[in-house]
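Reading through the structure tokens given below for one structure.
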Amino acid sequence: MRMADSAAPAADLLPPRFADWFASRGWSARAHQLAMVARANAGRDALLIAPTGGGKTLAGFLPSLIELSERPPANAPRGLHTLYISPLKALAVDVERNLNAPILQMGLPVVAESRTGDTGISRRQRQRIKPPDILLTTPEQLALLCAWEGARLYFENLRCVILDEIHTLHASKRGDLLALDLARVQQFAPNMRRVGLSATVDDPEVIKAWMSDHAKGGNHSVDLVRGPPGAEPIVEVLLSEGRVPWAGHTAQHAMAEVYDVIRKSRTALVFVNTRFQAEFAFQELWRLNEDSLPIALHHGSLAAEQRRKVEAAMARGELRAVVCTSTLDLGIDWGDVDLVIQLASPKGASRMVQRIGRANHRLDEPSRALFVPANRFEMLECQAAREAIAENKLDGDPPRVGALDVLAQHVMGCACSEPFDLLALYDEVRSSGPYRDLTWEDFEQVVDFVSTGGYALRTYDKFRRIVRGQDGLWRVRNAETAQRHRLNVGAIISPAMLSVRIAMRGGRGGRKIGEVEEGMLEMLEPGETFVFAGQVWRLVGVTNLDVLVQPAPASDPKMPSWGGSKFALSTYLALRVRRLMTDQPHWQVLPADVREWLEAQRDRSVIPAEDEMLLETFPRGKRHFMVVYPFEGRLAHTTLAMLLTRRLERAGSAPLGFVCNDYAMAIWALNPLDGLDFAELFDEDMLGDDLEAWLADSFMMKRAFKGCAIIAGLIERRFPGEQQKSGRQITFSTDLIYDVLRRHQLDHLLLRCARDDAATGLIDVARLGAMLARIKGRIRHAPLEHLSPFSVSVMLEIGKERSPGQSGEMILREAADDLIAEAMQ
Amino acid sequence: MSDVASRPFTYQFTQAPCGGLRMQLMATEALLRASGALWLEAERTLVVADLHLEKGSSYAARGQMLPPYDTRETLRRLAAEVAALTPVMVVLLGDTFHDRRSEGRLAADDAQSLRDLAAGRTLVWVVGNHDADGPQALPGETTNELALSGLNLRHEPQAGLQPGEVAGHLHPAARVTATRGSVRRRCFITDAERAILPAFGAYAGGLNVRDRAFAGMFVRPPLAGALGVGRVHAVGWRSLAGD
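Protein chains in written order, with the working numbering: chain A, 2 to 826; chain B, 1191 to 1433.
What follows is the structure, encoded as structure tokens:
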């Protein structure tokens, strides 16, 4: 592999116009910017890893700008030269602005334009007929462009594609689709170079494997260019009066200190892990907000208009803090942010580096971040994350195999743009990273699915969506089928969303406040109150697609969900937490009460070795409890609990219930659990028949199936001339289809896809499997008289889902004191 | 209506051993089966509504390749009911086919299942809006309405109060919300004077009984018989939620 270097002097790489421009700004081109020009001159693909604020975007565009500025003038339009892909619409628009500044200042004959779902129709149509030199867009728009007739002509002069924030694009279905479209465009434009940009990458080889052309040498065809390391971030952990609570997810105890820190900062981003935590923290901060600081709220359920308002106010520097979820993990530069606060656990080192990078976009100054752990395990997690960041060790992404439902969508898109040859398309697909090992059998099955639905009962052969002509090429059946496909392009499936509207007289819905996921409402009854968009509302009722509410400012809101993070604790961070827990001399770095807690656990129960899993059993009331600490995240623990429950049932233990958090799982039963054969109970074979039997009817499989059915085009989200179908209608019909398909064709492609998705996503079987292998022969059983200090946090989750409002909190607090007293006896 | 409605009324029903609900419909004893079928014991007659056979292929013809197994799944469930109850008459209460060309798209073995259904018993096709002409080649009698032991069997319920009417067409579904979640199921809906049957077809969707399409049809707040696993759950009007 050739390593990039900056040996060539700037003068050789930068034309005078560019050198002058740098000089006029009082800058000199950075080494990695010049290296990118050198890589381009050599015709090589490149992956640039440079910290935020390092001129990364300019480095990506510089070669294109130079090339475009040196073209002789032409009379006819010359087609697209450079394609820029961003994970966010807003980022594409922001980069358009930032890119046009140097273009204008240098007077370059270059047109750069963005194109997103929000771009007006007339501009989009013009962009098709007369493309700009540089088009800035999203993966979904690229998929759409590739599915148009004439895509080949549109892209034939393309020289370069730039993939920004590439670490967020690759490891998902969205990344699968993008990789396929890259392979497609490469066929149209054999001279196209691929350029990846990223600030946080753990393993560059994984990214290279995804972005590279595997018909051209795969990873070896991509050169790695590294920018200078940025200043080390300063990460601190907040200790509220030196205490860390036993349990909880909201960090309510520390809110006064958080407010104080905000008051002392210029602008703070306050990250939380769920929308409800965001609403909760926002309420708490405003309750304390005696100075009426401009503190705003930003999360995915708010109306787009409201989010844009917050973003605009932030860009103008008018806000002191924004409480936000992952919606602001990425995005446009806000120069004024000088502090990132993470409320509750960070869950992964990479995500934290990304979030911390949102503060202070100047290279020479360190970013500042403050972790606020909500409980003691989170304290360990924060400390582990802090150490991982200091050592620059990030979570690795597991290698990804491309999903077949995405491939089905892509094959249909190819047929919509031009007739294809089956073998040529197979080779093209395999030149993309995620599909490089695709078998011919799977490919054929996908094509058959696209054509006829892929059913063993061949009654649909006369309805083929794509047909093979006498020339041997496959083409779409008719223009209408193609149009319907184009309306449904994309790989992002959002859950069914309902509009929240203010109730008007006559049961009609008035102004829209935002959107909520369907599932959230199932916990609320009409008349109950809840927090949304920073205010308290009373639920009036639900009509077809609208949630009708009235303001209820003076009420105590019910919290619809206390649940922890939707992100699982990363495998790497979990390992570091286990290590920190085992390493007793290391406990010195922890606050006194957390240290005492660990010592109490050591004295009253056991601190397991790093490679062991602790299993505690103890009686409590009339129940017998078993608590284990796998540290594999809530999803994997929940799956484990469901499977263990089945086994305990068979063993005659009469299990009654279970509860999980990110660190531990507790099961309780009528009969004693301490005499069981734990090695057998936790044997890996639970992932065989038990898993299959449980999966068959699980709603998670149905949910996964729905996603696959939509992506693969079995269910259409939109029809020409119709409004978008409500997610609600889709839910119902895919469940019926799932049931019928399971009974009549268990080996169908989409059932396979759904199973794979459920196994890696919703139920995390992959991680559970790795855990069961890890603990084989290493279960450390501690039979106890009563509960242990470690168990308190998970025991406190019992019954929590049903604790509405303040009174519930009181009960909980009482119960908490009892449990703690018992554990410390 | 106000006169009848103001009279206190308690629904009388018993859970049958098969999981169904046994209740009086006017003067006739009816069994609401967990399959969604209605069983009239005195006449040994099985009534099913809205089979929507060949809905899958109807979508496929328009380019949406739903699994082509809905017809056999629906007929399999119907055959299981016939085997369990040995009726002398089977009434298909309209919209048996999803569209007018459905019969022509039937797979050979599915068509045979339908012929088997008519063998040794009376098969009645009450026609509906989706299949107004009745079957072309399949056996059975075609009719718009059928009077049977004091009940009127027709496809589309007529407006206003219709004592004795048994109909389909609306695909009633019930949503029940609890603190831990909510569930939506196909259901019978009845006020003990008339009954509307759930759709029997594998791909037939459901319309919430709180929808205004059901307004003004019942003399008193009706009872929903929600289809559970092997059991019909009697759910009172107040426990039913909108969507």
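Heads up, the beta-carbon is just placed ideally off N, CA and C, and yes, glycines get one too.
Keep in mind it's a predicted model, so treat the numbers as computed, not measured.
The Cβ of S1292 of chain B sits no closer than 9 Å to any Cβ of chain A. Under the Cβ criterion of 9 Å, L1268 of chain B is not counted among the residues facing chain A.
In this structure, G197 of chain A and G55 of chain A do not form a Cβ contact; the two beta carbons are roughly 15 Å apart against a cut-off of 8 Å. Residues of chain A whose Cβ lies closer than 8 Å to the Cβ of L1256 of chain B are, in chain order, G454, L715 and I738.
In the DSSP assignment, V532 of chain A falls within the unbroken beta strand (DSSP E) covering T530 to F533. By the C-beta density criterion, G231 of chain A is buried, having at least 16 other C-beta atoms within 10 angstroms.
The C-beta distance from V412 of chain A to A345 of chain A rounds to 43 Å, too long to fall under 8 Å, and the pair is not in contact. Within 10 angstroms of the beta-carbon of D134 of chain A lie 16 or more other beta-carbons, which makes it buried.
Look at T1286 of chain B here: in three-state DSSP terms it is coil, with no helix or strand label. Shown here, E613 of chain A sits in coil according to DSSP, grouped into three states, outside any helix or strand. Taking the CA atoms as reference points, T1261 of chain B sits about 8 Å from K1245 of chain B.
S571 of chain A places its beta carbon less than 9 Å from that of G349 of chain A. Identification of chain B residues near L742 of chain A by a Cβ-Cβ cut-off of 8 Å yields P1257 and Y1259, ordered along the chain. The beta carbon of G1395 of chain B falls within 9 Å of a beta carbon belonging to chain A, placing the residue at that interface. Bridge pairing for A1389 of chain B: B:A1239 [DSSP]. For A279 of chain A, the uninterrupted alpha helix (DSSP H) run begins and ends at R276 to L289, by DSSP. T201 of chain A sits in coil when the DSSP states are folded into three classes, being neither helix nor strand. The residue from A:I167, A:L146, A:R756 and A:I67 with its alpha-carbon nearest to that of Q355 of chain A is A:I167.
Ranked by Cα distance from Q536 of chain A, the first of A:L549, A:D547, A:A504 and A:P554 is A:P554.
Judged by DSSP secondary structure, N101 of chain A falls within the alpha helix (DSSP H) whose first and last residues are K90 to M107. Leaving aside the five residues that flank R753 of chain A on each side, the residues in its chain whose CB is nearer than 8 Å to its CB run, in chain order, L405.
Annotation for D1300 of chain B: L1243, T1261, R1262 and L1265 place their beta carbon closer than 8 Å to its own, counting only its chain and skipping 5 residues before and after. DSSP, reduced to helix, strand and coil, places H221 of chain A within a helical segment of the structure shown.
Contacts with chain B at 9 Å (Cβ-Cβ) do not include G491 of chain A. Interface residue (Cβ-Cβ distance to chain A less than 9 Å): A1251 of chain B is classified as such. Taking a cut-off of 8 Å on C-beta distances, the segment 291 to 311 of chain A touches the segment 321 to 328 of chain A, as three or more cross pairs fall below it. When 9 Å is used as the limit between beta carbons, F464 of chain A is near these residues of chain B: S1247, A1250, A1251, R1252, G1253 and M1255, in chain order.
The C-beta of R1421 of chain B comes no closer than 9 Å to any C-beta of chain A. Runs of the beta strand (DSSP E) spanning 3 or more residues and lying entirely within the segment 1241 to 1310 of chain B occur at 1279 to 1282, in chain order. Between V1425 of chain B and A1364 of chain B a beta carbon distance of about 6 Å is seen, short of the 8 Å cut, so the two are scored as contacting. Proximity to T83 of chain A across A:P73, A:L35, A:E68 and A:A483 peaks at A:E68, based on C-alpha coordinates. Closest in alpha carbon position to D675 of chain A, among A:F626, A:A113 and A:L769, is A:F626. By the Cβ criterion, the segment 1196 to 1207 of chain B is not in contact with the segment 1245 to 1257 of chain B, since fewer than three pairs of Cβ atoms, one from each stretch, lie closer than 8 Å. Between the alpha carbons of R476 of chain A and A1274 of chain B lies a distance of about 49 Å. The C-alpha of A77 of chain A lies about 18 Å from the C-alpha of R160 of chain A. Between E1383 of chain B and the set B:L1211, B:E1355 and B:G1406, the nearest pair of CA atoms involves B:E1355.
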